[in-house]
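Here's the structure, in structure tokens; my notes come after.
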Amino acid sequence: MNILAFESSCDETSAAVVSVTDDRFVIKSNIIASQVDIHRLYGGVVPEIASRAHIESISSITYEALEVAGMALSDIDLVCTTANPGLIGALLVGVNFAKALAVSNNIPLVAVDHIKGHIASAYLSEGDVPKPPFVALAASGGHTAIYKMESYTDIRMIGTTLDDAIGESFDKIGRMIGIPYPAGRGFDELSREGFIEATGDPESFYSKYRKSAAYKSGEMTLPSPALRDGSLNFSFSGLKTAAINLLHRYEQKGTEIPRALFAARYTYEAVEAVAQKIDAALEANPGCDFVMAGGVAANSHLRKRLTEVAARRGVRIFIPPVSLCGDNGAMIAAAGYYEYRNGNFADSSLNASALDSIVTGG
Ligand code: KG4
Ligand code: ZN
314 MNILAFESSC
324 DETSAAVVSV
334 TDDRFVIKSN
344 IIASQVDIHR
354 LYGGVVPEIA
364 SRAHIESISS
374 ITYEALEVAG
384 MALSDIDLVC
394 TTANPGLIGA
404 LLVGVNFAKA
414 LAVSNNIPLV
424 AVDHIKGHIA
434 SAYLSEGDVP
444 KPPFVALAAS
454 GGHTAIYKME
464 SYTDIRMIGT
474 TLDDAIGESF
484 DKIGRMIGIP
494 YPAGRGFDEL
504 SREGFIEATG
514 DPESFYSKYR
524 KSAAYKSGEM
534 TLPSPALRDG
544 SLNFSFSGLK
554 TAAINLLHRY
564 EQKGTEIPRA
574 LFAARYTYEA
584 VEAVAQKIDA
594 ALEANPGCDF
604 VMAGGVAANS
614 HLRKRLTEVA
624 ARRGVRIFIP
634 PVSLCGDNGA
644 MIAAAGYYEY
654 RNGNFADSSL
664 NASALDSIVT
674 GG
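Residue 314 is where the sequence shown starts when you use my numbering, and the numbers rise one by one after that.
Spelled out as structure tokens, the structure:
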């Protein structure tokens, strides 16, 4: 079957065509119109501007997705769209476009949760894919949460940030040290420089970092965002506030902040906190595979560290390629396929919602 899927929850408009045979996915097209150049001027996403930009591009990227796939609408068997969570005005564009297209062409429609979509990016691999039950991390601009996938459709949240998300914190702190929005990738690269500067080792810099003089000196001490209450929860606002105070102290002293060393320290605390909670989640769920997904899953240090955590436990880890970590339509098609298999159809009454709908439970 052929699926046409839409994603418009934040600042990327995407339309993708994905073919499925025997539960194996082939991405025929995955067109992404990014708005980051527009939002960069404001240092972050401006919701109203995002909605308008989605409206402007959604028709043309749909034509493009079909054209690149070499298909017509009559070849499409299922339409999927992200319906929640996200920016409400942005979501409404994808939901209404998908709804109109599906209803007017008599094609079944499925609504997809954005987080389930991120996790489903791991199903798009040509190689092995995770088998439920599995543990999943969704690390993005809006989420830092750990989930248990009981099946490809049945999901429970087992840990989350109580305040800021990891990606949002990279974006905000990155902005303060002059990295343009979205700062995640620039932060990743600058941290690499900092780790190498601290250890003098261009290869094993991360594992040697803790023993380095730069780490041990009290100069840049920052708190861990891993909550010490036995839960799988995080708090990134404490780390963020401490980092801002540290930057202010440098400013007050009139000394320039060693940007790379600072970024490395920040990344280290963020990555170690996630590694610690993922390790605990894998311990509590023996025999489960592990998936890491979301925009922040593109982070090179997090990818390496969580690969190590999984290997130590003998757990299979699935990380999508960097090109599928950010928001895209193909992941929505993969998640939507399983909703379709479960008979979870939407109709013309479908509405978008800004809210998370995944239930909590340990
Ligand atoms: O999943 P995503 O595309 O959108 C949301 O659903 O939020 O994630 C975007 C987030 C941004 O905060 C961006 O800075 C971050 O992912 N990001 C990264 C990297 N690449 C993107 N964060 C850390 N390291 C990266 N390499
Ligand atoms: Zn996302």
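Glycine residues also receive a C-beta, built at the ideal position from the N, C-alpha and C atoms.
Where residue i sits in the DSSP three-state scheme
| i | result |
| --- | --- |
| E569 | coil |
| D501 | helix |
| T473 | strand |
| D669 | coil |
| S327 | strand |
| D450 | It is Leu, not Asp, that sits at residue 450 in the sequence shown. Of the three classes helix, strand and coil, the one that applies to L450 here is strand, per DSSP. |
| D592 | helix |
| V442 | coil |
| A547 | A small correction: the amino acid at residue 547 is Phe; Ala does not occupy that position in the sequence shown. DSSP places F547 in strand when its eight states are reduced to three. |
| F658 | coil |
| D514 | coil |
| I645 | helix |
| V333 | strand |
| A539 | strand |
| I509 | helix |
| I468 | strand |
| I492 | coil |
| I630 | strand |
| G430 | helix |
| V609 | helix |
| N558 | helix |
| Y355 | coil |
| T534 | coil |
| D640 | coil |
| R523 | coil |
Alpha-carbon to alpha-carbon, residue j and residue i
| i | j | result |
| --- | --- | --- |
| A396 | M462 | 19 Å |
| S613 | R578 | 15 Å |
| G656 | A411 | 18 Å |
| D329 | V408 | What sits at residue 329 in the sequence shown is Ala, not Asp. Their backbone Cα atoms lie some 15 Å apart in a straight line. |
| A556 | V448 | 30 Å |
| M314 | P443 | 21 Å |
| A526 | A511 | 7 Å |
| M644 | S438 | 11 Å |
| S347 | E369 | 12 Å |
| Y694 | N343 | Not covered by the structure: residue 694. The range shown for the chain is 314 to 675. |
| A624 | I420 | 43 Å |
| D660 | S327 | 21 Å |
| P536 | A573 | 18 Å |
| K341 | V331 | 5 Å |
| I389 | A413 | 14 Å |
| V416 | A378 | 19 Å |
| R626 | R618 | 13 Å |
| Y650 | H367 | 24 Å |
| L560 | A451 | 29 Å |
| I401 | S666 | 6 Å |
| I351 | G607 | 22 Å |
| Y528 | Y522 | 7 Å |
| I671 | V425 | 12 Å |
| T534 | A586 | 15 Å |
| T620 | V333 | 28 Å |
| F338 | D441 | 12 Å |
| G531 | E361 | 43 Å |
| D514 | E506 | 10 Å |
| F631 | M605 | 7 Å |
| I374 | F483 | 29 Å |
| G674 | I468 | 10 Å |
| N598 | S544 | 14 Å |
Start-to-end residues for the beta strand (DSSP E) that takes in residue i
| i | result |
| --- | --- |
| D426 | L422 to D426 |
| R337 | R337 to S347 |
| G319 | Here the sequence assigns Phe to residue 319, which means Gly is not the residue at that position. Unbroken beta strand (DSSP E) run through F319: N315 to E320. |
| D602 | D602 to A606 |
| T457 | T457 to M462 |
Endpoints, alpha helix (DSSP H) assigned at residue i
| i | result |
| --- | --- |
| E701 | This structure cannot settle anything about residue 701, because the visible part of the chain is limited to 314 through 675. |
| A527 | A526 to K529 |
| L437 | Note, L437: premise wrong, no alpha helix (DSSP H); not H, not E. |
| T620 | S613 to R626 |
Test item: CB-CB of residue i and residue j under 7 Å
| i | j | result |
| --- | --- | --- |
| F508 | Y494 | no |
| A576 | F500 | yes |
| G454 | G480 | yes |
| P633 | S434 | yes |
| D602 | F549 | no |
| P398 | D640 | no |
| V628 | L663 | no |
| A648 | I316 | no |
| D592 | V622 | yes |
| I459 | G472 | yes |
| N546 | L552 | no |
| S321 | V381 | no |
Heavy atom of ligand 4 within 6 Å of residue i beta-carbon
| i | result |
| --- | --- |
| D640 | As for ligand 4, it is missing from this structure, which binds only ligand 1 and ligand 2. |
Could you tell me which uninterrupted beta strand (DSSP E) segments, each at least 3 residues in length, are contained entirely in the region 360-415, listed from first to last along the chain? As summarised for the region 360-415, the continuous beta strand (DSSP E) elements at least 3 residues long and confined to that stretch are 391-397, given in chain order.
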